[in-house]
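**Q** In our numbering, the protein residues as written are 8 to 155.
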Amino acid sequence: MKMMQEGEVIAGGIAFPTHRCVLAARCPYFERLFAGGFADRAAHEIALPDTEGPAFAAILRHFYTGSTSHLQGRELLRPVAVLADRLLLPALSTHAQQQLLSAVTPASVAADLVAQDAAGSLGELAAAASPGLMGRLLVAIGRAPPHV
8 MKMMQEGEVI AGGIAFPTHR CVLAARCPYF ERLFAGGFAD RAAHEIALPD TEGPAFAAIL
68 RHFYTGSTSH LQGRELLRPV AVLADRLLLP ALSTHAQQQL LSAVTPASVA ADLVAQDAAG
128 SLGELAAAAS PGLMGRLLVA IGRAPPHV
């Protein structure tokens, strides 16, 4: 069965050895890729363009261990949140976003907001923060909804 084969995922120029059955069992994106009519479904190598290698490594570790304890540091959490969203892993994306939110400092808030906006998840971040704080921050970066 092709689902049991070993393969590689190429992310950020790094080849990650994987088991298709693990990818499919833990990730809806890969499950659909392997089961559907995509050209990549039978390929030994699967490319994830525009993906940072460390972010995929962290998500792959999560696939194999079920743990999120290794997801630390904003340099890792930002791309993990974005990639988890791309891979149809909303719980993991939310976890990474919540970790980022809990570590927001005055010095990092602007970069954090820009990263969340680029990931298309600024609204989710806003919903998780206090209304007054997010309203002021959104006004400051010119992204306030009409009611703020």
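All residues carry an ideal CB built from backbone N, CA and C; glycine is no exception. Given the structure is predicted, the values throughout are model-derived calculations rather than measurements.
1) In three-state terms, what does DSSP make of LEU2?
2) What would DSSP say about VAL121, mapped onto helix, strand or coil?
3) Starting from PRO24, follow the beta strand (DSSP E) in both directions and report where the run begins and ends.
4) Just the Cα atoms here: how many angstroms apart are TYR71 and LEU120?
5) Roughly how many angstroms lie between the CA atoms of ALA27 and ASP124, to the nearest whole one?
6) Given that a residue counts as buried once 16 or more other Cβ atoms are within 10 Å of its Cβ, and exposed if not, what is MET69?
7) Quick check on GLY59: buried or exposed, where buried means 16 or more other Cβ atoms within 10 Å of its Cβ?
8) Answer with buried or exposed for ALA65, where buried requires no fewer than 16 other C-beta atoms within 10 angstroms of its C-beta.
**A** Quick answer:
1) Residue 2 is absent from the structure shown; the chain starts at 8 and stops at 155.
2) The residue you call residue 121 lines up with position 114 of the sequence shown. Three-state DSSP puts VAL121 in a helix.
3) Counting from one through the sequence shown, the residue named residue 24 turns up at place 17. Counting along the chain, the beta strand (DSSP E) containing PRO24 begins and ends at 21–26.
4) Start at 1 with the first residue of the sequence shown, and residue 71 comes out as number 64. Start at 1 with the first residue of the sequence shown, and residue 120 comes out as number 113. Computed Cα separation, rounded: 31 Å.
5) Here the question's residue 27 lines up with position 20 in the sequence shown. Here the question's residue 124 lines up with position 117 in the sequence shown. The sequence shown places Arg at residue 27, not Ala. Going by the C-alpha atoms only, they are around 32 Å apart.
6) The sequence position of residue 69 within the sequence shown is 62, counting from 1. Just to set this straight, residue 69 is His in the shown sequence, not Met. Buried, because 16 or more other Cβ atoms sit within 10 Å of the Cβ of HIS69.
7) Counting from one through the sequence shown, the residue named residue 59 turns up at place 52. The identity of residue 59 in the sequence shown is Glu, whereas the question assumes Gly. With 16 or more Cβ atoms within 10 Å of its Cβ, GLU59 is classed as buried.
8) One-based indexing of the sequence shown puts residue 65 at position 58. The residue in question, ALA65, is buried, as its Cβ has 16 or more Cβ neighbours within 10 Å.
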